[in-house]
Each structure stands twice: as structure tokens, then as C-alpha cells.
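Q: I'd like to ask you about the structure that follows.
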Amino acid sequence: SIAINLDMVLECLPSFNVYVSHCPIVIDLPTVWNRHFIYGLIDLNCNRVVIKVIDWLIVLFVRFTEADTLVMGDVTYGACCVDDFTARALGADFMVHYGHSCLIPIDSTEGIKMLYVFVDIQIDTAHFLDTLRFNFPLGHSLALVSTIQFVAALQAASAELKPDYEVLVPQCRPLSPGEILGCTSPRLEKHVNAVIYLGDGRFHLESIMIANPEIPAYRYDPYSKVFSREYYDHEAMRATRLQAIESARSAQRWGLILGTLGRQGNPKILEHLESRLESSGRSFTRVLLSEIFPGKLELLADVDAWVQIACPRLSIDWGTAFSKPLLSPYEAAVALQQVGWQEVYPMDFYSNQSLGAWTPNHSDNQPKRPSRKPIQVCIYRVFCNICRDNM
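Numbering (this note's numbering), first residue to last: 795 to 1185.
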């Protein structure tokens, strides 16, 4: 039967043990998820499936279901690159996205069933803990952050450290506790002694450094086991971005770029910016791009200033590579005098508590939901007639 054969195949799948410099890094993709995939496709009677990453899973889809399986070849930078639009255009009725948190809620992917699979990377937690204890005095206030792949390890480390340290695992909703993105990080209390980032690379770490310039930042690389103090030139970044904003203030012809790589672009933000430009008497051109390069924008020489609704870090990190000002939506709001320049650069692009309507999850950009009548609770903990009548 299908059930017996499928279970036998799943039990034979190799474990995900990746060795980096003789150090085992275990990437946990539970077998139970794969079983859910196959049986879920059968139960839902799916005909065409779009999947990003994990080649061997395609074999299971083809062998144990009658669904067509398509592999998307577009680049995937992060959770914002969930490409349900392309999947729907390909006629798919089910999409699987591996490795990232559900930044785009499943109830927002209309017309296609969506399944996120988180990847849990298990690390040498004991070495991580020993490193922190060696470098920080007892009683210090430590903020622990990471990407979604290491959040489980982060929570385990937090529990071990709490008897000896004031440990914070900050949350910037809708992200998980401890999770940060390259464009979204929480503001921390000034009494925090250090930010500890668990992960490789600097992209996500720089986000929380920008949001908290006064707090020392450190990085623990779980692959190399190197612990390092990290620095960021805040003054140079702010000066560069202010210069771009000032250059754009006098621009009369603007270009609005709606990113088409996954869900990076947001039509609500585009509408908001168009309204601001129209009210200020400026003309604008809409451009749809999957990736933004200087050579592409130079083809439209009559544009005086650009705003990209894709990734705020593109403007921060690479803005000087463009001949015309390339602003993020927040910077455009400053240039159009909708909001004042913030001395601490906001890293709140996907935050539910963002600064303004130039971010996707701001309340102005959310669908209006019908209000529900509050639940009445009787102080006697029984439903008397009054309580029952008001339920």
C-alpha cells in the first residue's frame, strides 16, 4: 500500500548532518513533516505543487502523489521572498516554502494553499554558553537574538543563562521571540549591556545594531565557533542617507519601484507613496523589478529620484552605488515631509508597531476585520442570567 511504502522510504532517508571544519551541525527536517506533505497532498487532491529548495522531496511528491511538481529557480533571499504569486500564475494549488518563518501569513496567500517548513539547526549549545560565561560578568544584561533557524537553540541557551544573568529574548511582532530580520529589529532598553547575535554573517546582526547604536554588539558563529565584537559606522550611514534624502527633496520627477521578487513589494505602500507625490504636485513613473541594479535605473535618465519598495537595506547598504537618490519608503516619507528624520534609524519594516504607513504591517495597511463582542466573565464563575443575556 501507499502508506507502507511511504513509511519505508521515509525511514531510509539520510539524516541531515552537515560537517563544517569537523564540527557537526545538525539540520533537523523531521520525517513527520515529509509524511504530512505526502498525505496532505493526497487528502487535498492537489494537482500541481510549487516547491522552493530540497530536491529530494520532489522524488517523494512524484512517487507517492499524482501532483505535478515544479521547482522555482528564482533567488530566495529570505522570508519576504515567498512567491505565491508566481505559483498561482503557474497554475499551482499548493506551495511549500522551506527554511523561513511565515512572514507572509497563510491567510494572506489567497488562491493557493501554503505550507511553511521551519528549519531547526542544532548547535553546540554548551560551547556557546561557556563562551558567554567566559566573556561577561555575572549579572550583566544580555539580549539574545538570532534568525529563525537558531531560535530553538537560543531559547535553550536563555533558560540556562537566566540564573546568572539578566537575559532578554526580545520580540518584534510578528516575528518570533529572539528572531530578527535584516530590515526588522526591536528597540532595546538602554540598560542592556550587550546584544548577542547567534548566527553566521552580519546582515541580520547589522539590523539590530542600527536599531540600537548605543549598545555593544557581539556575534557567535555556530559553524566556526568564533565569538567576535562587531562594529558599525552609524555616523557614516546616517550622513549618507541624509544626503540622499536632501537630494531627493528638490526632485520633481520620481520613480517608484515595486519589487516583484516574492512578496518584497507591497501595493499598499505604492498607493500611499503615489498619494503623497500627487498631493505635492510631483510626477512619478511606476516600475516593476525583481532585482534592482544601477544599470537598469540608468536607462530611465529622466527620473530625478527613486523610491524602492523592496528591501530597505538595499538603500542603506548600496544606495551610494546609484547615480540618483535611491530611497527606502521611510526615507521617502522624510523627503516628502510626512515624518521627521529619526536620530535612531528605524528598523521596523515588518513590525506591527512601525512608525508609519510606509511599512507593510502598519495598521493603515491591514484589512479591516469585524469587531467581536468582548467575552463577559462572571465574577462568580458561573453563568447567571445576567451573564447569559450579555454573552
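Quick reminder that beta carbons are idealized off the backbone N, C-alpha and C, glycines included.
Taking three-plus beta-carbon pairs below 8 Å as touching, is the segment 1139-1158 in contact with the segment 1056-1076?
A: Three or more Cβ pairs drawn from the segment 1139-1158 and the segment 1056-1076 lie within less than 8 Å of each other, which places the two stretches in contact.
Q: Taking the Cβ atom as the reference point for each residue, do Leu926 and Leu955 lie within a distance shorter than 8 Å?
A: yes
Q: Using 8 Å as the cut-off, can you tell me whether the segment 931-947 makes contact with the segment 981-997, which would need three or more C-beta pairs spanning the two stretches below that distance?
A: With three or more CB-CB distances shorter than 8 Å, the segment 931-947 counts as touching the segment 981-997.
Q: Hey, Gly972 and Val963: beta-carbon distance below 8 Å or not?
A: yes
Q: Can you tell me the Cβ-Cβ gap for Gly1049 and Val1081, rounded? I've got them flagged as a contact below 8 Å.
A: 6 Å
Q: Would you identify the three-state DSSP class for Val1097, choosing helix, strand or coil?
A: Coil at Val1097, not helix or strand.
Q: Which of helix, strand or coil does DSSP assign to Met908?
A: Strand.
Q: Can you tell me whether DSSP reads Ala953 as helix, strand or coil?
A: helix
Q: If we count the other Cβ atoms within 10 Å of its Cβ and call it buried at 16 or more, is Arg1107 buried or exposed?
A: Buried, because 16 or more other Cβ atoms sit within 10 Å of the Cβ of Arg1107.
Q: Would DSSP call Met1031 helix, strand or coil?
A: helix
Q: Does the pairing of the segment 1034-1049 with the segment 1071-1086 give three or more beta-carbon distances under 8 Å?
A: yes
Q: Quick one, which of Phe1116, Lys984, Cys874, Asp1015 has its alpha-carbon nearest Leu948's?
A: Asp1015
Q: In three-state DSSP terms, what is Ser1044?
A: coil
Q: Could you say which of Val911, Met889, His894 lies nearest to Glu904 if we only look at CA atoms?
A: Met889
Q: Can you give me the C-alpha to C-alpha distance between Phe912 and Pro968, rounded to a whole angstrom?
A: 16 Å
Q: Among the residues of its own chain, which have a CB less than 7 Å from the CB of Ala1127, if the five just before and after it don't count?
A: Hits under 7 Å: Val1133, Gly1150, Trp1152.
Q: Identify the continuous beta strand (DSSP E) that holds Arg1080 and give its terminal residues.
A: Counting along the chain, the beta strand (DSSP E) containing Arg1080 begins and ends at 1077-1083.
Q: Is the beta carbon of Phe922 sitting closer than 8 Å to the one on Ala953?
A: no
Q: To the nearest angstrom, how far is the alpha carbon of Ser1074 from that of Ser1157?
A: 24 Å
Q: Would you kindly check if the distance between the Cβ of Ala861 and the Cβ of Arg842 is under 8 Å?
A: yes
Q: Just the Cα atoms here: how many angstroms apart are Phe1087 and Pro1010?
A: The alpha-carbon atoms of Phe1087 and Pro1010 are separated by roughly 33 Å.
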